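Under my numbering, the sequence shown has 1680 at position 204, and the numbering climbs by one with no breaks.
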Amino acid sequence: MEKNIAVIKGDGIGPEIVEEAMKVLDTVAAKYNHKFNYTQILMGGCSIDAYGVPLGDEALEIAKASDSVLLGSIGGDTSTSPWYKLEPQLRPEAGLLKIRKELGLFANLRPAYLYEELKGACPLKEELTEGGFDMMIMRELTGGLYFGERSTEEENGEMVARDSMSYSETEIRRIAKRGFDIAMKRRKKVTSVDKANVLDTSRLWRKVVEEVAKDYPEVEYEHMLVDNAAMQLVKNPKQFDVILTENMFGDILSDEASMVTGSIGMLSSASLREDKFGMYEPSHGSAPDIAGRNIANPIATILSAAMMLRYSFDMDQEADDIEQAVEKVLKEGYRTTDIMSEGKTLVGTKECGDLIAARI
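In structure tokens form, the structure reads like this:
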């Protein structure tokens, strides 16, 4: 099978970790007689440096014409980088918001899984995580506060900033259906997170989710206020299967869930539209402070590539091979610096990619 993949290495550690994911994908291709064609495009700070915009029209068209997109990371140090002295619509993250919107990537899947081999890195008490946990955060990605109207202007002698948040029934219904569909393939439980005691958008969210739930009688579902959900993630993470929520809440909760697993460097991410197309990226940022030092953890990006094989290409066995190879490397005691512990073998970014590829 032949597939065309748009590759965005991005900024910071992005180029390093994407190289390792491509190495693993090429190993899979050789094993199963596939062909992956990569077209590299710029987005983020590197695109600003080259073209003055975080995402150019040509790059966007290449992404649209591909079968999927593999993304590393974008952005830099917000306190020192000249990129963050630009207007908001010209900063690196504006390119990410634009590509999500233009590609119609409304559903963000962020798995949070505690590996048995890494339970010592989990910051929670062992009795709270005994037996591990495995959750999927389903985040709506193209609506809500991040895409609402915004303004900053002077009123009565002082500056006033406004950000508006809105959701339509259609936007809520399609992400809810995707969440329940994913739950049907897992443990058949959905926790819908909102702030219905305060926000009109959340009250509509809750109403539509209840309507969708009627079509999935096999799925247990519950509503949970976002502040309680944040507490429950650190009190009893094992209770969750699929967490369904809107854009901003999902952004915050998925980062919290990632740290409960011990390291954000381990967590993959997929952003999907209504067909098979998707963009795949690690949950972590660009970590400019460690860029180019061969110490970044590439596992989240490699697991994101496995998600691409599974969700966009229907290559389930190939995806299984990658995930099992990652587990083998961890069981053998190899660790990058972010997950290093006593008695284990420290490896760099490239060495970690080589080890995983060798076990496929």
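We put the beta carbon where it would ideally sit given N, CA and C, even for glycine.
Treat the numbers as computed from the prediction; the structure is a model and nothing was measured.
Residue i (DSSP reduced to helix, strand or coil)
i: Gly1655; result: helix
i: Ile1798; result: helix
i: Ala1672; result: coil
i: Leu1822; result: strand
i: Met1612; result: strand
i: Arg1749; result: coil
i: Met1816; result: coil
i: Ile1493; result: helix
i: Ala1767; result: coil
i: Ala1506; result: helix
i: Lys1485; result: strand
i: Tyr1591; result: coil
i: Glu1803; result: helix
i: Tyr1643; result: coil
i: Ser1627; result: strand
i: Met1498; result: helix
i: Met1791; result: coil
i: Gly1754; result: strand
i: Ala1833; result: helix
i: Glu1602; result: helix
i: Arg1638; result: strand
i: Glu1478; result: strand
i: Arg1662; result: coil
Integer-rounded CB distance, given that residue j should sit under 8 Å from residue i
i: Leu1536; j: Glu1496; result: That belief does not hold up - the Cβ atoms of Leu1536 and Glu1496 are roughly 26 Å apart, past 8 Å.
i: Val1666; j: Val1695; result: 6 Å
i: Ala1801; j: Ile1766; result: Not confirmed; about 24 Å, so no contact.
i: Cys1598; j: Val1736; result: 6 Å
i: Tyr1643; j: Glu1722; result: 7 Å
i: Ser1744; j: Met1783; result: 5 Å
i: Val1494; j: Leu1546; result: 7 Å
i: Leu1594; j: Asn1712; result: Incorrect: roughly 19 Å between the Cβ atoms, too far for contact.
i: Ser1544; j: Phe1753; result: 6 Å
Proximity of residue i and residue j at Cβ, strictly below 7 Å
i: Asn1770; j: Thr1812; result: no
i: Ile1775; j: His1760; result: no
i: Met1519; j: Ile1484; result: yes
i: Leu1531; j: Gly1571; result: yes
i: Ala1763; j: Tyr1756; result: no
i: Arg1615; j: Gly1726; result: yes
i: Ala1482; j: Ser1542; result: yes
i: Glu1478; j: Lys1499; result: no
i: Leu1748; j: Ala1539; result: no
i: Pro1568; j: Gly1551; result: yes
i: Ser1788; j: Pro1758; result: no
i: Ile1778; j: Ile1815; result: no
i: Ala1733; j: Leu1709; result: yes
i: Gly1528; j: Gly1486; result: no
i: Ile1613; j: Ile1719; result: yes
i: Ala1795; j: Leu1806; result: no
i: Asp1850; j: Arg1662; result: Given that the chain is displayed from residue 1477 to residue 1836, the structure contains no residue 1850 and the question cannot be resolved.
i: Thr1645; j: Val1684; result: Note on identity: in this sequence residue 1645 is Glu, with Thr being the wrong assignment. The answer is yes: Cβ separation under 7 Å.
i: Leu1573; j: Leu1617; result: no
i: Gly1846; j: Met1724; result: No answer is possible for residue 1846: it lies beyond the span of the chain, which begins at 1477 and ends at 1836.
i: Thr1825; j: Glu1606; result: no
i: Lys1820; j: Gly1829; result: no
i: Ser1817; j: Arg1586; result: no
i: Asn1480; j: Asn1509; result: no
Any non-hydrogen atom of the ligand FAD within 6 Å of residue i CB
i: Tyr1697; result: With respect to the ligand FAD, the structure offers nothing, as it holds no ligand at all.
Exercise. For the region 1693–1706 against the region 1585–1592, are there 3 or more C-beta pairs whose distance is under 8 Å?
Worked result: no
For this session: Would you mind listing the beta strand (DSSP E) stretches within the region 1664–1722 that are 3+ residues and don't spill past its ends, in chain order?
Result: 1665–1670, 1696–1701 and 1718–1721
For this session: Let me know the beta strand (DSSP E) ranges lying completely inside the region 1513–1587, each 3 residues or longer, listed in chain order.
Result: 1544–1549
For this session: Count the CB pairs spanning the region 1612–1627 and the region 1638–1646 that are closer than 8 Å, and state whether there are at least three.
Result: yes
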